[in-house]
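Reviewing the structure listed below.
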Amino acid sequence: MIDPMANLDPTGSPDMMMGGGSPTDGGGDSNNQEVFDMDAFRYNFRKMDKIRSFMGIVSGCVAGVLGLTGISGL
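So the sequence shown is numbered by the numbering used here: it starts at 5 and just counts up by one.
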């Protein structure tokens with residue numbers, strides 16, 4: 005399913021919709037749009053990595069305060 009926010013023409017070829025077409029295809033630029041913004045992807049991935057690290061630290065602190073030890077937590 006194509007994202008409606010990407011403003012892609014549903015009648016275009018599938019490989020052109022995914023940004024796989026080359027400028028020498030003879031087609032216009034209307035179907036040669038990228039679906040994913042790689043800069044936004046990298047930014048979101050970095051943020052997600054920081055959040056995972058922070059949650060690991062917080063989880064460890066909470067487990068230490070509660071006195072949880074081992075896999076069973078008791």
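Yeah, the Cβ is synthetic: ideal placement off N, Cα and C, and Gly gets one too.
Subject >> Limits of the unbroken alpha helix (DSSP H) element including Asp-53 >> reply: Within the sequence shown, residue 53 is the residue found at index 49, counting from 1. Segment 42 to 70, the alpha helix (DSSP H) holding Asp-53.
Original post:
If you draw a straight line from the C-alpha of Thr-73 to the C-alpha of Ser-57, how long is it?
Top reply: The residue you call residue 73 lines up with position 69 of the sequence shown. The residue you call residue 57 lines up with position 53 of the sequence shown. Approximately 20 Å, taken between the alpha carbons.
Original post:
In this structure, does DSSP put Ser-76 in helix, strand or coil?
Top reply: Taking the first residue of the sequence shown as position 1, residue 76 is located at position 72. Correct three-state label for Ser-76: coil.
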